[in-house]
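Here full-length UniProt numbering is used: position 34 in the first sequence is 34, and no number is missing along the way.
Where a beta carbon is used, it is the ideal one built from N, C-alpha and C, also for glycine.
A short worksheet on the structure shown next.
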Amino acid sequence: MSILGVNIRELIPPEAIKEIELESLKGRTIAIDAYNALYQFLAAIRQPDGTPLIDNKGRVTSHLSGIFYRTINLIEAGIKPIYVFDGLPPSLKEKELEKRRKVKEEAAKKYQVAIAEEKYEEARKYAQISTRLNDEMVKEAIKLLDAMGLPTVQAPAEGEAQAAYMAKKGDVWSSGSQDYDSILFGSPRVVRNLTVSGKRKLPKKDVYIDIKPEVIESNVIYEKLGINREKLIIIGIMLGTDYNPDGIKGVGIKTALKIVKSYEKTEEILKSLPQTQVDYYEIFNYFMNPEVTDNYTIQWKEPSVEKIKEILVEEHDFNEARVENAIERLQKSFKENVKSQTKGLDFWFK
DNA sequence: CCTGGCAA
DNA sequence: TTGCCAGGG
Numbered sequence: 001m002s003i004l005g006v007n008i009r010e011l012i013p014p015e016a017i018k019e020i021e022l023e024s025l026k027g028r029t030i031a032i033d034a035y036n037a038l039y040q041f042l043a044a045i046r047q048p049d050g051t052p053l054i055d056n057k058g059r060v061t062s063h064l065s066g067i068f069y070r071t072i073n074l075i076e077a078g079i080k081p082i083y084v085f086d087g088l089p090p091s092l093k094e095k096e097l098e099k100r101r102k103v104k105e106e107a108a109k110k111y112q113v114a115i116a117e118e119k120y121e122e123a124r125k126y127a128q129i130s131t132r133l134n135d136e137m138v139k140e141a142i143k144l145l146d147a148m149g150l151p152t153v154q155a156p157a158e159g160e161a162q163a164a165y166m167a168k169k170g171d172v173w174s175s176g177s178q179d180y181d182s183i184l185f186g187s188p189r190v191v192r193n194l195t196v197s198g199k200r201k202l203p204k205k206d207v208y209i210d211i212k213p214e215v216i217e218s219n220v221i222y223e224k225l226g227i228n229r230e231k232l233i234i235i236g237i238m239l240g241t242d243y244n245p246d247g248i249k250g251v252g253i254k255t256a257l258k259i260v261k262s263y264e265k266t267e268e269i270l271k272s273l274p275q276t277q278v279d280y281y282e283i284f285n286y287f288m289n290p291e292v293t294d295n296y297t298i299q300w301k302e303p304s305v306e307k308i309k310e311i312l313v314e315e316h317d318f319n320e321a322r323v324e325n326a327i328e329r330l331q332k333s334f335k336e337n338v339k340s341q342t343k344g345l346d347f348w349f350k
């Protein structure tokens with residue numbers, strides 16, 4: 001989860017956020033931050049005591065369950081998801097990643113304690129915090145998506161940056177993530193809460209609320225706030241990003257907005273920031289020009305029943321009848337929503 | 001997170 | 001038909 005999200009959400013004018021129905025995204029291609037999605041499945045798909053789904057060899061399978069059923073739901077709704085996977089994180093992110101490692105290690109300890117004390121709600125909470133995505137999980141997810149016939153994209157660095165690049169180019173309609181980073185990376189829009197069943201548990205209480213998909217339009221943010229992307233990036237830097245987790249002391253959204261609006265040139269704003277160990281100019285440049293690639297193809301294939309069953313049923317002990325049922329839904333919606341649009345010159349469709 | 005069985 | 005919720009792996 002990005003710290004950027006926490007603060008910048010308050011800044012986004014309500015006019016820039018549109019609550020929608022999933023069906024209104026019919027025909028849209030969306031570049032989804034795969035890490036963001038997998039991480040959420042891994043954190044959420046757990047028993048009340050925090051135990052994730054596992055196969056008979058003890059390997060975690062929560063992420064596979066999540067991405068399998070979610071993706072089929074999206075395709076059924078006529079949405080064409082393209083999962084974008086992270087490459088190597090930029091060195092700028094090291095401090096934040098170290099911070100996250102520590103938080104997760106602490107949570108893992110607290111999880112053990114909570115389990116020993118039979119405090120299961122607490123255990124679940126710490127299990128979620130300590131969630132980690134490893135290379136094996138990523139590999140398996142890519143293998144599954146490939147078997148399902150979906151294109152995947154390997155980003156050279158940040159998935160959010162790559163997704164933003166693809167949206168900016170027009171290869172996809174939008175980026176998809178729970179975070180707002182792709183906006184700073186230049187995406188024209190980001191879709192959040194990309195899901196069918198709209199119930200979500202609130203952090204503390206046993207209360208469930210309806211969550212609807214929402215589209216955030218970048219240009220509306222800029223119009224309403226009277227700023228441009230450069231200035232939004234600098235606001236992000238002042239509030240704290242993955243590349244400078246601490247932000248700038250004493251600066252909140254109101255002050256940040258006031259500061260950027262009081263200058264004409266971005267250069268001047270950057271110069272006005274307090275001199276610290278952090279190279280704000282470097283961070284700014286990274287958001288403006290992150291490492292991205294054109295080395296990807298957006299092309300769908302017929303879903304492979306055998307491969308899907310091999311991965312889920314044979315390898316990971318998913319229930320065969322359930323998987324078969326889901327595959328049928330996939331094949332049917334693939335024909336209706338994907339294949340029908342790939343004829344002739346539109347083979348490389350968007 | 002998501003599905004599917006069951007009660008109302 | 002809808003809503004709930006236990007259980008998925």
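Using a C-beta cut-off of 8 Å, the region 48-57 makes contact with the region 313-321, since at least three inter-stretch Cβ pairs fall below that distance. In terms of Cβ geometry, Ser174 and Glu160 do not form a close pair [threshold 9 Å]. Residue pairing by DSSP puts Ser175 in a beta bridge opposite Ala31, Val190.
Within its own chain, the residues whose Cβ lies closer than 6 Å to the Cβ of Met137, once the five positions on either side in sequence are excluded, are His63, listed in chain order. With contacts defined by Cβ atoms closer than 9 Å, Asp181 and Thr241 form a contacting pair. In this structure, Pro245 keeps its C-beta atom at 9 Å or more from the C-beta atom of Ala157. DSSP places Glu217 in the strand class (E or B) of the three-state scheme. Around Gln40, the same chain offers Gly66, Gln178 as residues with beta carbons nearer than 8 Å, after the five sequence neighbours per side are excluded. DSSP, read as helix, strand or coil, puts Pro156 in coil. In the three-state reduction of the DSSP assignment, Thr276 falls in the coil class, being assigned neither a helical nor a strand state. Contact holds between the region 136-156 and the region 305-315, because three or more Cβ pairs, one in each stretch, are under 8 Å apart. The beta carbon of Thr29 sits closer than 6 Å to the beta carbons of Lys80, Val172, Trp173, Lys350 from its chain, once the five residues preceding and following it are set aside; these are given in chain order.
Ile283 sits in a helix when the DSSP states are folded into three classes. In the DSSP assignment, Glu19 falls within the unbroken beta strand (DSSP E) covering 17-19. Where Val84 is concerned, the enclosing beta strand (DSSP E) starts and stops at 80-85. The residues Pro156, in chain order, have a CB closer than 6 Å to that of Thr293 in the same chain once the five nearest residues on each side in sequence are set aside.
A distance of 9 Å or more separates the beta carbons of Ile32 and Ala141. For Asp135, the number of other beta carbons within 10 angstroms of its own is below 16, and it is reported as exposed. Taking each of Tyr120, Glu324, Lys231 in turn and checking the Cα distance to Thr51, the smallest one comes out for Tyr120. Note: Arg46 is bridge-paired with Pro52 in the DSSP secondary-structure output. Contact annotation, Ile298 with Ile82: C-beta distance approximately 6 Å; criterion of less than 8 Å satisfied.
Setting aside the 5 residues that flank it on each side, Tyr263 is surrounded in the same chain by Ile269, each with a C-beta closer than 6 Å to its C-beta; the list follows chain order. With a beta-carbon spacing of about 12 Å, Tyr35 and Val153 fall beyond the 8 Å limit used to define contacts.
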